[in-house]
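Line by line, the protein sequences give chains E, B and W.
So for the first sequence, my numbering puts the first residue at 1; every next one is plus one.
So for the second sequence, my numbering puts the first residue at 1001; every next one is plus one.
So for the third sequence, my numbering puts the first residue at 2001; every next one is plus one.
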Amino acid sequence: MAGPATAGQQSVEVRGTVVIDVEVCKGCELCIEACPPRVLTMTEVERNAEGYLYPRLHQGCIACGLCAQVCPDFVFQVWRYDTPETVSLAEVTGS
Amino acid sequence: MTRQLLEGSEAIARAMVNAGCRFFAGYPMTPFTEVLEHMGKLLPDAGGVCINAESELEAVGMTWGAAATGTRAATGSVGQGLALMQESLSELCQARLPVVVLNMARGQGDYYQSTRGGGHGDYRHIVLAPSDVNEAANLVQLAFHLADTWRNPALVLGDYYLAHVFESVDTDRVDFGPVPDKDWKLTGATGGTGHARIVSTVANDRLDVPDRLNYGQLLAKMDDRIERMRTGIEPMMESFRTDDAEVVLVAYGTPARYLRQVVRNLREDGVRIGLVRPITLWPFPSDQMAAVLERAGTALVYELNAGQMVDDVRLAVAGRADVHFIGRSSFDEAGFGIAPDLDVELLTIRVRSALDAVAKEVVS
Amino acid sequence: MTQLLPVIPSSEPPTRPGKVVDDFAPRLILPGEHALCPGCGEPIAIRSVVEMIDELELAARSVGVFGIGCYTAFSPKLDVEVLQALHGRAPSLATGVKRAKPDCLVFTVQGDGDMVNEGLQEVIHTAARGENVTCILLNNGVFGETGGHMTATTVLGQRTKNTLEGRDAKRHGYPILMSELLAPLDGVAFIARCAVNNAVNITRTRRWIKQALSMQMAGAGFTFIEVLTMCPTGWFIETGEAPDYLADKIAAVHAVGVVKDISAADKTASDKTAPDKTGSDTTR
């Protein structure tokens, strides 16, 4: 399964990605909790024009769409790849 | 033209249906109840809907909803019921919706309510005051025409007599001419087109429409609309024996019928007296009335209340004629507005003593 | 030990071939930000409503009657015909619209302050008459737009502007459970209470809204959807805490589930999601 890599995992299967409309986000963080593979984290320093922290996407999206469902501000556009992408951990983490 | 002997309530109901009214909602209250009953019988056969609403508040709400679909819709009650409807009636002006509202009033205490309004903010209703069943059958149809033309509520001020007197009346549809197309009406059809319509008191259009007004701007536009109605609607007044009158009685609605006979009686005694009867209470026929009253010099205002319309008479003449109030409230035991004072002989005595009092003033 | 993988760009559509499975805003909501608070559940509920209208292909026959509350901000933001009502009065307007245009899908959107305080009479009578309209209650237990005072649905113990020590039955009375109040009326065909505090509940919300709207078009009678929504501002909590607060405090009293369904009369009990007072239905 995709998401934070557990010990011993060599690769993750990435099923999709999201486009994040950062400027309409109000920093409520509901998406962070809602994401099953936990690939969204909030910025800690960068803020949008309204002054809100906003979510960033980490590698490992499964294109479930739950972030879009729970978001009150229509921040997410969810893409599902035609074929999943296998991402080698060594490549992305350099380990 | 087909004449039938009908009770006023039925005549009004038939006239409304013939004018194309296809939705009515109301709550029973004396003397409005029979209009609701007749609409309940007539509308289903005409393909319309009549609902006994759970209160006057919901009656005007249902009428609001039906009117928003472009359907000719009406409601009504008595002054007390209209009191409940005031928020909605003022907001309907803001929503720019045509509805016809009947007040089958108990007496004439609702003049202020009708013309000044008990709702919030600035608004005006178009107000028509028939004085007999035939006129009521005509004016209620005119009310739909005016409401549609100006996209504003139109009130028809009736009373117990208009509700219950039988007259030979023609309720056929009257053609007042074309009304603007209801290109604002809601039927669902513009949904999903990128241009869905909105009928709202707080927003005149969707957020993506370039010149949309904000709520504050929308509220301020009411001034223009009031002015356009004030100047655009033809005020109506009846003048009776006023050409050479030295004193003119002023009355609206049912009392005017009695006073017309008082004028005839006094004329036979050589008194140069006449009567003016406003038919549109808003816009009030100020200019026409002022012309007549100023020529005569003295006006005696009669209404079944402590003095309400008299304010508008005084405003119309602006001091250029003497205006005296000779009315008073007069009720039957049940308070329904069958006025013991409405008696030609009693009124003749009342007018004569008013004339004497005025003459004494002139002399002294 | 788990480890987060690196952040990747997310401001542009991907170059890898794929398709959009969830677009930013539904077709029937105009794009652009809205002024509702961070973490508010109402946009999620409204999104569910318009998405179901689109799924049922009813956009060109729908009229939404809006009450007055925070959600009124959406009334000029929809590509669905909208009629604005006064506070509490949407059901009577909806009745007038539906009776005049019976082929339209007519629904109301009202908050708890609007429907259960100001307009309780309207919704009860509309339900009792069996009007073929769908009334949708967005229930967050506060008068949001005016600053967070108690409503008739505020639960005991809930802090609001005028119950800062928590609603106390002796001083402030008891909450009204709107779905249960309407259920015994014969004119009512379907009532479901749902929530938008997590994806499972949002899915239920969509499913039950779709059922209510379908039943309306089939002429089944009055349908009612009560959606529990988060209001972190009104609840004096952080946005991230609101979903759990909803589950623990609000849904513990206003239980999620199908409360009445005349179309399920012939089905077995297992087909229905019965209201569960322990709150296990409101999964985290």
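Where is the CB? At the ideal position from N, CA and C, for every residue including glycine.
It should be emphasised that the depicted structure is a prediction, and the values quoted were computed from it without experimental measurement.
- When DSSP states are grouped into helix, strand and coil, Phe-2074(W) belongs to the helix group.
- Contact annotation: the segment 1271 to 1281 of chain B does not touch the segment 1219 to 1231 of chain B, with fewer than three C-beta pairs closer than 8 Å.
- Here the segment 2062 to 2075 of chain W does not lie against the segment 1031 to 1042 of chain B, with fewer than 3 beta-carbon pairs under 8 Å apart.
- Bridge partners of Tyr-81(E) according to DSSP: Gly-2018(W).
- Secondary structure note for Trp-1150(B): its alpha helix (DSSP H) is the uninterrupted segment 1133 to 1150.
- By the 16-neighbour rule on beta-carbons within 10 angstroms, Met-1001(B) is exposed.
- Residue contact with chain B for Glu-2081(W): present (Cβ-Cβ distance below 8 Å to some residue of chain B).
- In the three-state DSSP reduction, Arg-56(E) falls in the strand class (E or B).
- Per DSSP, the unbroken beta strand (DSSP E) holding Thr-17(E) starts and ends at 11 to 20.
- Per DSSP, Asp-73(E) lies in no beta strand (DSSP E) segment and is marked neither H nor E.
- The C-alpha of Pro-55(E) lies about 24 Å from the C-alpha of Ala-2247(W).
- Per DSSP, the beta bridge partners of Cys-2194(W) are Val-2227(W).
- For His-2087(W), no alpha helix (DSSP H) run applies, since DSSP gives it neither H nor E.
- Annotation for Tyr-52(E): Cys-25, Lys-26 and Gly-27 place their beta carbon closer than 6 Å to its own, counting only its chain and skipping 5 residues before and after.
- Between the C-alpha atoms of Asp-2168(W) and His-58(E) there is a straight-line separation of about 46 Å.
- By DSSP's assignment, Ile-1126(B) forms a beta bridge with Ala-1154(B).
- Looking at the backbone, the Cα of Phe-2066(W) and that of Ile-2136(W) are separated by about 10 Å.
- With a threshold of 8 Å between beta carbons, Arg-47(E) makes no contact with chain W.
- Asp-1122(B) is the residue among Thr-1298(B), Ala-1066(B), Asp-1122(B) and Gly-1118(B) whose C-alpha sits nearest the C-alpha of Leu-1219(B).
- Residue pairing for Thr-1075(B): DSSP places it in a beta bridge opposite Ala-1025(B) and Val-1101(B).
- Leu-30(E): member of the alpha helix (DSSP H) spanning 30 to 34, first to last residue.
- Straight across, the Cα-Cα distance linking His-2034(W) with Val-75(E) is about 12 Å.
- Neighbours of Trp-1064(B) across chain W, judged by C-beta separation under 7 Å: Leu-2093 and Gly-2096.
- Using a CB distance cut-off of 8 Å, Gln-59(E) counts as an interface residue toward chain W.
- Fewer than three Cβ pairs drawn from the segment 2101 to 2119 of chain W and the segment 2188 to 2195 of chain W lie within less than 8 Å of each other, which leaves the two stretches out of contact.
- Per DSSP, the unbroken beta strand (DSSP E) holding Ala-1299(B) starts and ends at 1298 to 1301.
- In this structure, Ala-1068(B) sits away from Val-2080(W), with a CB-CB distance that is not shorter than 8 Å.
- Comparing C-alpha distances from Gly-2130(W) to each of Met-2115(W), Arg-2204(W), Leu-2164(W) and Pro-2091(W) shows the shortest one belongs to Pro-2091(W).
- Contact of Ala-1189(B) with chain W is assigned, a C-beta pair being separated by under 8 Å.
- Judged by DSSP secondary structure, Lys-1041(B) falls within the alpha helix (DSSP H) whose first and last residues are 1033 to 1045.
- In the same chain as Phe-1144(B), and ignoring 5 residues on each side of it, the C-beta atoms closer than 6 Å to its own belong to Ala-1019, Arg-1072 and Val-1100, in chain order.
- Between Asn-1305(B) and Gln-1086(B), the beta carbon gap of about 19 Å keeps them out of contact (Cβ cut-off 8 Å).
- Taking a contact to require three or more Cβ pairs closer than 8 Å, the segment 2021 to 2039 of chain W and the segment 2215 to 2223 of chain W do not qualify as touching.
- DSSP places Glu-2081(W) in the strand class (E or B) of the three-state scheme.
- DSSP links Val-1313(B) through a beta bridge to no other residue.
- Here Arg-2159(W) carries a coil assignment [DSSP, helix/strand/coil].
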